[in-house]
């Protein structure tokens, strides 16, 4: 198979698999809370329902409100397409590295916040300001954690980072441990999961992400929710494939790709179950404690850089 | 030095040392006493684990004893004594308000860089593994000192002092493959005696100023007495 075809296939897998991960997390969470829970395919049905419903737009909203869902969806999808899911050596690595990934996510977030404020409701503005507070603190931590990985591999391309890790074999790297902790905290904050934001609330004063989507309906809402699901899958794949890259397809044969997909799905199942367990055990923290939470992420990332320099390079 | 040249046990020692450094940072910014004591106990357990790993790697038999001693003393006995003391002083729920916590963390990061910079030219290149561990241990010692300087609560200052001792022990174990047993026993006994003395001091301080906030010791001057 040609390399670009595999890249395209992988890019299509992201929107196809994203609702499944969300459904799986919800299912595990329901079982842990002694409920039966909806089927794991429920998010697909929800998206379909929203896509066929009529789309209403507030009469105070501008054009930006209409185009924002498309920009958010496409930017998130493009960002996801740069993360190797089933195979290495994709041609897209030459186009986009980790910094482009962070930039695309920032673009999506910028339009999400603008759209939240656009309709002029109090909730939207509040959600947008909170989202910006969280992301302003999460982004430096994310970049610092990513730089730790980049310094180890001497490259900012995600594929070289993974290839370097695979070639090294099993090494206990203190810097990877710290970067892993930082990236997990950042992912929780960015995806609006429990210690920072509660994904299952729609009518609470404390909501962050949902507050910006209150005015959306129909296919606009479907795109926004789909983008959020892709973002969760993106962070999940980033964490499992960068820190545990074993099993990813090395060639473009059907067998290698199939086993790569099976392995990454297995890793994501484990990660989703861990996320659900964490969300069952933890409670949402107050908004004013979020900066402390993200400072911890920044400190972890900083220690990752330092321990890389002191313990691993040290001429 | 590349990490690939080290054995798995040496890598494990590096990992544990890095975690001990991280716990120093947690200790520095933890405001609740009971939680801070628990963090200190974990740091003691990490140091004991480093000792055990060095013993396994070097087949040094007396280090097994030393690891058991560290675990019993630093991870169990001293934290338990501190815990009991805070309960008797009625400080379980007290949480100190730190002035400028972010600045102190940045200062600690600078201390880590400084200790690496100090140690780097000191040791020959062949001993890179030892040198890196010493840099981390020195950072743990300096962060303990920073904690003693900037905390006002007497119990927190004692925790800073004890974590300094953890850093010294880490350096001794990893750099010299363990001190003679007599020295180690002496140090352990000293730490224990220091702990008992600190306990006596806590009660003395509280008797005289009704608080363990040592900044208030400055007010005990003659002029206030005369007024």
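Protein chains in written order, with the numbering used here: chain Y, 5 to 319; chain H, -1 to 225. Beta carbons: idealized from backbone N, C-alpha and C, even for Gly.
- Shown here for residue 180 of chain H: not one same chain residue has a beta carbon closer than 7 Å to its own, the five before and five after excluded.
- For the pair of segments examined, the region 89 to 100 of chain H was found not to touch the region 275 to 294 of chain Y: the number of CB pairs separated by less than 8 Å stays below three.
- Rounded to the nearest angstrom, the gap between the Cα atoms of residue 86 of chain Y and residue 249 of chain Y is 16 Å.
- Within the model, the alpha-carbon separation for residue 192 of chain H versus residue 83 of chain H is close to 14 Å.
- Around the Cβ of residue 95 of chain Y, a 10 Å sphere holds fewer than 16 other Cβ atoms; the residue is exposed.
- For residue 238 of chain Y, no CB of chain H lies under 7 Å from its own CB, so it is not counted at the interface with that chain.
- With respect to residue 256 of chain Y, residue 10 of chain Y sits close: the two C-beta atoms are nearer than 7 Å.
- By the Cβ rule, the region 198 to 216 of chain Y does not count as touching the region 10 to 26 of chain H, because fewer than three pairs are nearer than 8 Å.
- DSSP places residue 51 of chain H inside the alpha helix (DSSP H), whose first and last residues are 31 to 56.
- Distance from residue 49 of chain H to residue 65 of chain H at the Cβ level is roughly 4 Å; contact confirmed, criterion being Cβ atoms closer than 8 Å.
- Contacts between residue 47 of chain Y and chain H, judged by CB atoms closer than 8 Å, are missing: the closest CB pair is about 37 Å apart.
- Residue 167 of chain Y is a Cβ neighbour of residue 92 of chain Y, given a cutoff of 7 Å.
- Along the region 85 to 113 of chain H, the positions whose C-beta sits under 8 Å from a C-beta of chain Y are 100, 103, 107, 110 and 111, read in chain order.
- Of all residues in the region 35 to 67 of chain H, none comes within less than 8 Å of chain Y when Cβ atoms are compared.
- DSSP, reduced to helix, strand and coil, places residue 251 of chain Y outside both helices and strands of the structure shown, so it counts as coil.
- For the 7 Å CB-CB criterion, residue 183 of chain H and residue 45 of chain H do not form a contact.
- The beta carbons of residue 51 of chain Y and residue 232 of chain Y sit about 11 Å from each other, so the pair does not count as a contact at 8 Å.
- Here the alpha carbons of residue 173 of chain Y and residue 265 of chain Y stand approximately 21 Å from one another.
- Residues of chain Y whose Cβ lies closer than 9 Å to the Cβ of residue 134 of chain H are, in chain order, 311, 314 and 315.
- With fewer than 16 other CB atoms across the displayed protein chains lying within 10 angstroms of its CB, residue 195 of chain H is exposed.
- For residue 62 of chain Y, the secondary structure class from DSSP, reduced to helix, strand or coil, is coil.
- The beta-carbon distance between residue 31 of chain Y and residue 283 of chain Y, rounded to whole angstroms, is 13 Å. This is too long to meet the 8 Å contact definition.
- Taking C-beta separations shorter than 6 Å and ignoring five residues to either side along the sequence, the partners of residue 35 of chain H in its chain run 77, 80 and 81, following chain order.
- DSSP places residue 37 of chain Y in the coil class of the three-state scheme, outside both helix and strand.
- By the rule that beta-carbons nearer than 7 Å mark a contact, residue 249 of chain Y does not touch chain H.
- With contacts defined as CB atoms closer than 7 Å, residue 193 of chain Y and residue 298 of chain Y qualify as a contacting pair.
- Closer than 7 Å to the CB of residue 144 of chain Y there is not a single CB belonging to chain H.
- In the DSSP annotation of this structure, the continuous segment of the alpha helix (DSSP H) that includes residue 270 of chain Y starts and ends at 258 to 285.
- Taking all protein chains in view, the Cβ of residue 152 of chain Y is crowded by 16 or more other Cβ atoms within 10 Å, so the residue is classified as buried.
- Residue 101 of chain Y sits in coil when the DSSP states are folded into three classes, being neither helix nor strand.
- Across the region 168 to 183 of chain Y, CB contacts with chain H closer than 9 Å involve 172, 173, 174, 175, 176, 177, 178, 179, 181 and 182, in sequence order along the chain.
- In the DSSP assignment, residue 211 of chain H forms a beta bridge with H:151.
- According to the DSSP secondary-structure assignment, residue 91 of chain Y is paired through a beta bridge with Y:253.
- Note that the region 70 to 77 of chain Y touches the region 113 to 120 of chain Y; at least 3 beta-carbon pairs, one per stretch, sit closer than 8 Å.
- Shown here, residue 161 of chain Y sits in coil according to DSSP, grouped into three states, outside any helix or strand.
- For residue 141 of chain Y, not one C-beta of chain H is nearer than 7 Å to its own C-beta.
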